[in-house]
Amino acid sequence: MENRKKAKLSLGVQIFIALVLGIVVGILLTGQSAFAAKYIKPFGTIFLNLVKWVVTPLVFFSIMAGVISMRDIHKVGSVGVKTLVYYLCTTAIAIIIGLSIANLFRGAFPVLETTNLEYTAKDPVSFMDTLVGIFPSNFVKPFADANMLQIIVASLFIGFALLLVGERKQMDFNYVETLNSIFLKVMEMIIKLSPIGVFCLICPVVAENGPKILGSLAIVLLVAYLAYIIHMAVVYSLAVKTGAGMSPLTFFKGMAPAMIMAFSSASSVGTLPLNIECSEKLGADKDISAFVLPLGATINMDGTAIYQGVCAVFIASCFGIQLTLPQMLTIVLTATLASIGTAGVPGAGMIMLAMVLQSVGLPVEGIALVAGIDRIFDMGRTTVNITGDASCAVIVSALERRKAAKRG
Ligand code: ASP
Numbered sequence: 013m014e015n016r017k018k019a020k021l022s023l024g025v026q027i028f029i030a031l032v033l034g035i036v037v038g039i040l041l042t043g044q045s046a047f048a049a050k051y052i053k054p055f056g057t058i059f060l061n062l063v064k065w066v067v068t069p070l071v072f073f074s075i076m077a078g079v080i081s082m083r084d085i086h087k088v089g090s091v092g093v094k095t096l097v098y099y100l101c102t103t104a105i106a107i108i109i110g111l112s113i114a115n116l117f118r119g120a121f122p123v124l125e126t127t128n129l130e131y132t133a134k135d136p137v138s139f140m141d142t143l144v145g146i147f148p149s150n151f152v153k154p155f156a157d158a159n160m161l162q163i164i165v166a167s168l169f170i171g172f173a174l175l176l177v178g179e180r181k182q183m184d185f186n187y188v189e190t191l192n193s194i195f196l197k198v199m200e201m202i203i204k205l206s207p208i209g210v211f212c213l214i215c216p217v218v219a220e221n222g223p224k225i226l227g228s229l230a231i232v233l234l235v236a237y238l239a240y241i242i243h244m245a246v247v248y249s250l251a252v253k254t255g256a257g258m259s260p261l262t263f264f265k266g267m268a269p270a271m272i273m274a275f276s277s278a279s280s281v282g283t284l285p286l287n288i289e290c291s292e293k294l295g296a297d298k299d300i301s302a303f304v305l306p307l308g309a310t311i312n313m314d315g316t317a318i319y320q321g322v323c324a325v326f327i328a329s330c331f332g333i334q335l336t337l338p339q340m341l342t343i344v345l346t347a348t349l350a351s352i353g354t355a356g357v358p359g360a361g362m363i364m365l366a367m368v369l370q371s372v373g374l375p376v377e378g379i380a381l382v383a384g385i386d387r388i389f390d391m392g393r394t395t396v397n398i399t400g401d402a403s404c405a406v407i408v409s410a411l412e413r414r415k416a417a418k419r420g
């Protein structure tokens with residue numbers, strides 16, 4: 013019994029092994045990507061479907077339970093403001109890092125043929141439409157569409173209503189806690205399948221994209237990944253060190269399972285359950301991470317912002333256009349807004365790239381240059397996205413704890 017216990021690998025190690033195996037098998041299957049897409053990918057899809065299935069009730073009940081356990085409207089407001097400020101500032105820094113690094117390497121970008129390009133941008137969504145879209149008009153639709161922002165709004169309303177009704181009628185809220193625990197348990201069961209999910213998601217991607225990356229786009233990918241890594245190593249390390257007094261090494265080590273899942277699935281929403289688990293292990297409070305992480309999975313996309321900056325410079329350079337400083341500032345603004353509007357699902361960031369390009373008059377067809385390997389950009393940007401969310405949960409928890417201690 014003892015021995016068997018010892019031999020059991022931790023989930024983090026299992027996920028890491030699954031990643032390495034997935035990449036190796038993917039390389040072996042290069043040239044037979046149809047096989048990987050037909051027989052391996054479906055199991056990854058099953059895993060992601062299960063995650064998507066549990067994530068809506070999980071977010072709904074955990075935010076409600078969070079509001080109830082905070083029991084104080086001021087605390088919810090204080091957490092909300094800190095979270096939004098942190099998300100906006102880190103996203104703006106991310107895009108500045110992306111633009112700077114891309115400009116530094118501009119000379120190394122290949123000159124690609126741009127005459128035969130075709131890409132039709134989706135109709136841009138205005139800021140006002142986005143704002144209106146946050147508020148649900150139907151009780152069940154947000155759940156059917158897995159619309160995270162609408163679910164957050166609904167659960168905040170109901171959470172506050174429960175508090176107010178409860179105060180008057182002296183009710184206790186055990187049933188919300190019970191429902192929350194049930195969905196947390198379901199999530200735990202699904203998370204145990206993560207290694208299989210990681211293997212089946214990464215393997216077909218490597219099998220399909222391996223040869224393409226060896227082509228002329230390798231340099232743009234490298235630049236994007238360099239910016240992703242610099243942003244995480246500098247901004248998040250500094251933030252968790254100063255904001256939460258946590259060693260960056262501890263932070264990244266604790267985050268590794270969620271980061272690998274984000275890398276393999278390219279979906280912030282799909283990584284949410286594992287991200288909640290990792291953040292709480294790192295000391296984020298339950299009620300705070302229940303609010304900060306689902307919100308971050310939808311509106312905080314530092315990696316996506318970096319990607320948009322790098323691609324804007326790359327596409328401009330392919331068309332022989334040099335971006336001016338005012339244009340770059342416009343990109344900082346639009347990419348910050350675009351990343352807020354990006355859904356936490358695979359490929360969403362590329363669609364929003366059209367809005368960034370349009371804002372500075374760059375040809376939208378340029379997206380066709382990078383579309384073929386979007387998944388590889390996406391894996392990195394999603395990893396940055398969810399790490400940023402977790403850093404916020406850890407920091408806001410530490411700040412709130414400090415505030416409570418001061419109050420005595
Ligand atoms: N896939 C990203 C995410 O889920 C969004 C994007 O495409 O940039 O975080």
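Quick note: the sequence shown uses this note's numbering, first residue 13, plus one each step.
Cβ coordinates follow ideal geometry from the N, Cα and C atoms, glycine included.
Keep in mind the model is a prediction, meaning the values are calculated, not measured.
DSSP three-state assignment for residue i, whether helix, strand or coil
i, result
"Glu-14", "Residue placement at Glu-14 is flagged as unreliable, the pLDDT there being 45, under the threshold of 50; the coordinate-derived value follows with that caveat. Correct three-state label for Glu-14: helix."
"Met-271", "helix"
"Ala-347", "helix"
"Met-258", "coil"
"Pro-358", "coil"
"Leu-60", "helix"
"Cys-212", "helix"
"Ala-278", "coil"
"Asn-312", "coil"
"Ser-22", "coil"
"Asn-192", "helix"
"Phe-47", "helix"
"Val-67", "helix"
"Ser-317", "Looking at the sequence provided, one finds Ala at residue 317 rather than Ser. Ala-317 falls in the helix class under three-state DSSP."
"Gly-119", "helix"
"Asp-386", "helix"
"Ile-75", "helix"
"Thr-336", "coil"
"Ile-363", "helix"
"Val-376", "helix"
"Pro-148", "coil"
"Ala-236", "helix"
"Asn-159", "coil"
"Ala-402", "helix"
"Ala-296", "coil"
"Thr-342", "helix"
Member of the options whose CA lies at the smallest distance from the CA of residue i
i, options, result
"Gly-92", "Arg-419, Ala-417 and Ile-407", "Ile-407"
"Val-218", "Tyr-240, Arg-118, Lys-153 and Asp-386", "Asp-386"
"Gly-378", "Val-372, Ser-371 and Ala-366", "Ala-366"
"Leu-411", "Ile-194, Ser-90 and Phe-155", "Ser-90"
"Pro-216", "Thr-399, Ile-27, Ile-29 and Phe-47", "Phe-47"
"Cys-323", "Ile-241, Ile-231, Gly-308 and Thr-354", "Ile-231"
"Ser-371", "Gly-361, Val-344, Arg-118 and Glu-289", "Val-344"
"Phe-211", "Ala-30, Asp-401, Ala-417 and Leu-23", "Ala-30"
"Lys-298", "Pro-54, Ala-402 and Gln-162", "Ala-402"
"Phe-147", "Val-165, Lys-153, Phe-155 and Met-140", "Val-165"
"Ala-296", "Ile-318, Met-313, Met-258 and Tyr-319", "Met-258"
"Lys-64", "Asp-184, Ser-193, Phe-169 and Val-198", "Val-198"
C-beta contact flag for residue i and residue j at 8 Å
i, j, result
"Thr-395", "Ile-107", "no"
"Ile-363", "Asn-221", "no"
"Ile-80", "Val-177", "no"
"Lys-293", "Gly-255", "no"
"Ala-114", "Gly-321", "yes"
"Val-252", "Pro-260", "yes"
"Ser-8", "Ile-398", "As shown, the chain starts at 13 and ends at 420. That puts residue 8 outside it, with no answer to give."
"Ala-239", "Ile-109", "yes"
"Ala-158", "Thr-68", "yes"
"Ser-291", "Ala-405", "yes"
"Met-273", "Ile-27", "yes"
"Pro-306", "Leu-284", "yes"
"Met-444", "Thr-316", "Here the chain comprises residues numbered 13 to 420, so residue 444 is not present and cannot be evaluated."
"Ile-75", "Gly-171", "yes"
"Ala-278", "Pro-358", "yes"
Got a list of residues with beta-carbon closer than 6 Å to any non-hydrogen atom of the ligand ASP, in chain order? This selection yields Ala-278, Ser-279, Ser-280, Met-313, Thr-316, Thr-354, Gly-356, Val-357, Pro-358, Gly-359, Ala-360, Gly-361, Asp-390, Arg-393, Thr-394 and Asn-397.
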